[in-house]
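Sequences listed follow chains A and B, in order.
If you count by UniProt numbering, then the first sequence holds residues 1 to 261, one letter each, in order.
If you count by UniProt numbering, then the second sequence holds residues 1 to 261, one letter each, in order.
Using N, Cα and C, we set each Cβ at its ideal position, and we do this for glycine too.
Small disclaimer: the values here were computed from a predicted structure and weren't measured.
Number of protein chains: 2
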Amino acid sequence: MTEDDIAQIKDAQNFNTSFARGLKVIRAFDAMHPRLSVAGVAERTKLDRAVARRLLLTLVEEGFAKQEGKTFELTAKILTLGYSYLSAMGLDQRLQPYLDELSAQLEQAVSVSVLDGSETIFIARSERVGQIMAYVVRTGLRLSAFSSASGRVLLADLPQDELDRRLADTEMVALTPFTKTDKSAVRDEISRARMNGYCVNEQELEEGLLSVSVPIHGPDGRVRAALNTNCTYTKALQIGFVETAVPLMRSFASQIGPLMH
Amino acid sequence: MTEDDIAQIKDAQNFNTSFARGLKVIRAFDAMHPRLSVAGVAERTKLDRAVARRLLLTLVEEGFAKQEGKTFELTAKILTLGYSYLSAMGLDQRLQPYLDELSAQLEQAVSVSVLDGSETIFIARSERVGQIMAYVVRTGLRLSAFSSASGRVLLADLPQDELDRRLADTEMVALTPFTKTDKSAVRDEISRARMNGYCVNEQELEEGLLSVSVPIHGPDGRVRAALNTNCTYTKALQIGFVETAVPLMRSFASQIGPLMH
C-alpha cells in the first residue's frame with residue numbers, strides 16, 4: 001500500500017487527510033515566509049506539489065488567500081478562524097478590562113496563555129502605551145512550555161504521569177545561555193511553581209527579561225490558563241517587581257477565572 | 001450526477017471540497033455556539049452528519065478541537081492559523097506602538113481593519129485602560145462594510161464598476177433605526193468618504209455610537225486598510241471629536257501605511 005492508500009483508508013473512517021493537510025498549508029506562512037509559491041509550500045509542508053497547489057487554490061477560492069502571479073499570501077479572512085475560538089471562549093468583552101487594569105497597575109504588559117501540548121499559546125494581552133522595552137506577544141504566539149514561566153505554571157497542574165510523558169517526549173532547546181535544558185532542573189522549576197503558586201523565569205526566554213506567571217483557576221478548580229507579565233531583569237531587581245506583582249496578579253487571576261467557559 | 005460526484009470532479013482539478021468544508025466547520029463555532037454536537041455542526045454548515053463528524057474528528061486529531069462526550073469545542077491552537085496571517089503581514093511588533101500612541105492621544109480605542117468582500121475584518125486594535133463605554137472590537141471581528149465607517153472608507157477605493165457589482169449583490173440590513181439601507185444613500189456616503197478622505201458614521205452601527213475612519217494608503221498609493229476610532233455620540237458632539245480626531249488619524253495613517261507589506 002502507498003502512503004496515499006493508507007491516507008484514504010484513514011479518511012474513510014474518522015479522519016480527513018485533505019483537511020489536515022490544508023491546515024498545514026495555512027501554517028506554512030509566517031513572518032519569514034509571507035508569500036509562498038506552490039513549490040515553497042510543498043517544501044515547508046512536505047506535501048506533494050500537486051496537493052499543495054490544490055489546497056492553495058482552495059484557500060484562494062474560499063477567500064482565505066490571494067494569488068499574484070506565482071505567489072500566494074493569506075488574507076485577513078484567516079483571522080475569522082481564530083475569532084471562532086475567542087468568541088466561543090467568552091473572552092470577547094469581559095476579559096480585556098481586567099487585563100488593562102492590571103497592566104495599568106503593574107505598569108507592564110500582561111497576557112493570558114493556555115497550554116497546547118508542549119507549547120503555550122497566548123490568547124489575550126494588554127500592552128502599556130509608550131512602553132519602550134517589552135516582550136511583544138500577540139494572540140496566537142506560541143512559546144515552548146518547558147522554558148517559559150507561563151508554561152511551567154500550566155504544566156504544574158498536570159497529573160505526574162502525564163507530565164513525565166510530556167517531559168520524556170520533549171527536546172529542550174536553549175533560547176539563551178540561561179535556558180535550563182536539563183530535564184531534572186526543569187522538573188524542579190515546575191515543582192516549585194506548583195508549590196509556590198507562581199513562577200518566575202529569569203532570562204531563560206530572552207536575555208535581560210524576567211517574566212512572572214500565576215495560574216488562573218476555572219470554576220472546577222483546575223488550572224485553565226496562566227496570567228503573565230514581564231519586566232526588564234535589571235529593573236525587576238531594583239524595584240522588587242516580583243514581590244509587588246505576584247499578590248496583585250493572584251487577585252486578578254481569581255477574578256478572571258470565573259469568567260472563563 | 002449527484003452533488004458529491006460534482007464535488008469530486010471539482011476536487012480533482014483546482015479545488016479540495018473537504019478542506020473547504022473543514023474551514024466551514026471551524027466557523028460554525030461562535031459565542032452563541034461554543035460547544036456543538038455533530039448534529040449541531042451539520043445543521044449550521046448544511047453538511048451531511050457523517051461528513052461533519054469526520055471533519056470534527058480530524059480537528060480533534062490535529063489538536064484544533066477537543067471532544068467531551070458528544071460535544072466538541074475549539075482549542076487555542078486555532079489561533080495559530082490567524083497568527084500565520086498577522087506575522088506574514090509584518091503587523092507583529094511594528095504597528096502596535098502607533099495604535100497605542102494614537103489611542104492615548106485620542107483617549108479612545110482605535111483599530112485597523114481591512115476589506116473582505118462585503119465585510120470589514122479587524123486586524124489590530126488598541127484599547128483605553130479604564131474606558132467604560134467602548135465598542136469592543138477584537139482581531140477577527142467582522143462588520144458589514146456598507147454600514148460602517150471603516151467599510152465605506154475601504155469601499156471608496158474600489159473601481160466604480162466593482163463597487164456597483166458589490167452594492168448590487170448586497171442585502172442592506174439595518175442594525176439600528178439610523179442604519180441607511182437605501183443603496184443610493186449608501187452610495188452617497190461612500191462618495192463623500194472618497195472626496196473627504198474620511199468617513200463619520202453616526203449611530204448606524206449602534207445607537208449612541210459615533211465612529212470615524214480614515215484610509216491607510218500602502219506604498220503603491222492604494223488603500224490597504226482603514227484606521228478607526230469611536231466615541232459616544234453625545235460626547236463627540238460636545239467636544240468636537242471629529243474635528244480633533246481626523247487630522248491626528250491622518251497623520252498616524254501616513255506613518256502606518258509604509259509599514260504594511
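- Query: Roughly how many angstroms separate the alpha carbons of A:S18 and A:T45, rounded to a whole number?
  - Reply: Stepping through the first sequence from its first residue, residue 18 of chain A is reached at position 18. Stepping through the first sequence from its first residue, residue 45 of chain A is reached at position 45. Cα to Cα, the separation comes out at about 13 Å.
- Item | Reference B:R125; option with closest CA among B:S148, B:E101 and B:A145 | One-based indexing of the second sequence puts residue 125 of chain B at position 125. Checked all of B:S148, B:E101 and B:A145; the closest Cα to B:R125 is B:E101.
- Task: Starting from the C-beta of B:Y135, find all residues in its chain whose C-beta is less than 6 Å away, skip the five residues before and the five after it, and write them out in chain order.
- Result: For the purposes of this step, residue 135 of chain B is taken as residue 135 along the second sequence, with counting starting at 1. Only weak support exists for where B:Y135 lies, its pLDDT of 49 falling under 50; the coordinates are left without a value.
- At what residues does the alpha helix (DSSP H) containing B:T232 begin and finish? Residue mapping note: residue 232 of chain B aligns to position 232 of the second sequence, counting from 1. Looking at the DSSP string, B:T232 is not in any alpha helix (DSSP H); the run it does join, the beta strand (DSSP E), is V223 to T232.
- If we ignore side chains and look at the alpha-carbon of each, how far apart do B:F15 and A:T181 end up? Stepping through the second sequence from its first residue, residue 15 of chain B is reached at position 15. Stepping through the first sequence from its first residue, residue 181 of chain A is reached at position 181. Answer to the nearest angstrom: the Cα atoms are 45 Å apart.
- Query: Can a CB atom of chain B be found closer than 7 Å to the CB of A:L47?
  - Reply: Here residue 47 of chain A corresponds to residue number 47 of the first sequence, with the count starting at 1. No, because no Cβ of chain B sits closer than 7 Å to the Cβ of A:L47.
- Task: May I have the straight-line CA-CA distance separating B:Q255 from B:E204, to the nearest angstrom?
- Result: Stepping through the second sequence from its first residue, residue 255 of chain B is reached at position 255. Stepping through the second sequence from its first residue, residue 204 of chain B is reached at position 204. C-alpha separation (whole angstroms): 29 Å.
- Query: Along the chain, where does the beta strand (DSSP E) that runs through A:R125 open and close?
  - Reply: On the first sequence, residue 125 of chain A is found 125 positions in, with the first residue counted as 1. Per DSSP, the continuous beta strand (DSSP E) segment holding A:R125 begins and ends at E119 to S126.
- Query: Does the segment 81 to 90 of chain B touch the segment 65 to 83 of chain A, meaning 3 or more C-beta pairs lie closer than 8 Å?
  - Reply: Output reads yes: the segment 81 to 90 of chain B touches the segment 65 to 83 of chain A.
- Under a CB-based cut-off of 7 Å, is B:A50 close to chain A? In the second sequence, the residue the question calls residue 50 of chain B occupies position 50. Interface annotation, B:A50: not in contact with chain A, CB-CB separation never under 7 Å.
- Boundaries (first-last residue) of the alpha helix (DSSP H) holding B:R27: What you label residue 27 of chain B is simply residue 27 of the second sequence in a count that begins at 1. Per DSSP, B:R27 belongs to the alpha helix (DSSP H) from T17 to R27.
- Host beta strand (DSSP E) of B:Q67 (start-end): Locating residue 67 of chain B in the second sequence gives position 67, where the first residue counts as 1. That run of the beta strand (DSSP E) goes A65 to E68.
- Item | Partner residues on chain B for A:S147, Cβ-Cβ distance less than 9 Å | Indexing the first sequence from 1 puts residue 147 of chain A at position 147. Under the 9 Å cutoff, chain B gives no residues; its nearest Cβ is about 19 Å from A:S147.
- Item | According to DSSP, residues forming a beta bridge with B:R142 | Taking the second sequence and counting its residues from 1, one reaches residue 142 of chain B at position 142. According to DSSP, B:R142 bridges with B:I121.
- For A:V114, return the contacting residues in chain B, with the cut-off set at a CB-CB distance below 9 Å. For the purposes of this step, residue 114 of chain A is identified with residue 114 of the first sequence, where counting begins at 1. Result: T75 and A76.
- Could you say which of B:R27, B:D48, B:T232 and B:P215 lies nearest to B:V153 if we only look at CA atoms? Reading the second sequence from its first residue, position 153 is the one you call residue 153 of chain B. Among B:R27, B:D48, B:T232 and B:P215, the Cα nearest to that of B:V153 is on B:P215.
- Please report how far the alpha carbon of A:S184 lies from the alpha carbon of A:S144, in whole angstroms. Position 184 of the first sequence holds residue 184 of chain A. Position 144 of the first sequence holds residue 144 of chain A. Approximately 17 Å between the Cα atoms of the pair.
- Stretch pair the segment 99 to 119 of chain B + the segment 161 to 177 of chain A: three plus CB contacts closer than 8 Å: no
- Under 6 Å Cβ to Cβ from B:S150, same chain only, skipping five residues before and after it: list those, please. Residue 150 of chain B sits at position 150 when you count from the first residue of the second sequence. Excluding positions up to five away in sequence, the list reads S113, T120, S213, A226 and N228.
- Item | Neighbour list for A:Y85 in chain B, Cβ cutoff strictly below 8 Å | Locating residue 85 of chain A in the first sequence gives position 85, where the first residue counts as 1. F29, L74, T75, A76, I78 and L79, listed in chain order.
- Item | Reference B:A193, options B:E162, B:F146, B:V173 and B:K235, closest by Cα | The count along the second sequence starts at 1 and reaches residue 193 of chain B at position 193. B:A193 has its Cα closest to that of B:F146, out of B:E162, B:F146, B:V173 and B:K235.
- Item | Contact with chain B by A:R54, beta-carbon distance below 7 Å | One-based indexing of the first sequence puts residue 54 of chain A at position 54. By this cut-off, A:R54 is an interface position.
- Message: For a cutoff of 7 Å on Cβ pairs, would you count B:G69 as touching chain A?
- Response: Counted from its first residue, the second sequence places residue 69 of chain B at position 69. For B:G69, the answer is no, since every Cβ of chain A falls outside 7 Å of its Cβ.
- Task: Could you check the C-alpha separation between A:M32 and A:G40 for me, to the nearest Å?
- Result: Sequence index remark: in the first sequence, residue 32 of chain A carries index 32 (1-based). Sequence index remark: in the first sequence, residue 40 of chain A carries index 40 (1-based). Their backbone Cα atoms lie some 12 Å apart in a straight line.
- Quick one, which of B:I239, B:P97, B:N196 and B:K235 has its alpha-carbon nearest B:F252's? Counted from its first residue, the second sequence places residue 252 of chain B at position 252. Among B:I239, B:P97, B:N196 and B:K235, the Cα nearest to that of B:F252 is on B:P97.
- Contact under 7 Å by Cβ, A:R21 with A:L47: Here residue 21 of chain A refers to the residue found at position 21 when the first sequence is read from its first residue. Here residue 47 of chain A refers to the residue found at position 47 when the first sequence is read from its first residue. Yes.
- Neighbouring residues, chain B, relative to A:T58 (Cβ below 7 Å): Numbered from its first residue, the first sequence carries residue 58 of chain A at position 58. Going along chain B in sequence order, the residues near A:T58 (Cβ under 7 Å) are F15, N16, F19 and A20.
- For A:T170, which three-state DSSP category applies? On the first sequence, position 170 is the one that residue 170 of chain A refers to. For A:T170, the three-state secondary structure derived from DSSP is coil.
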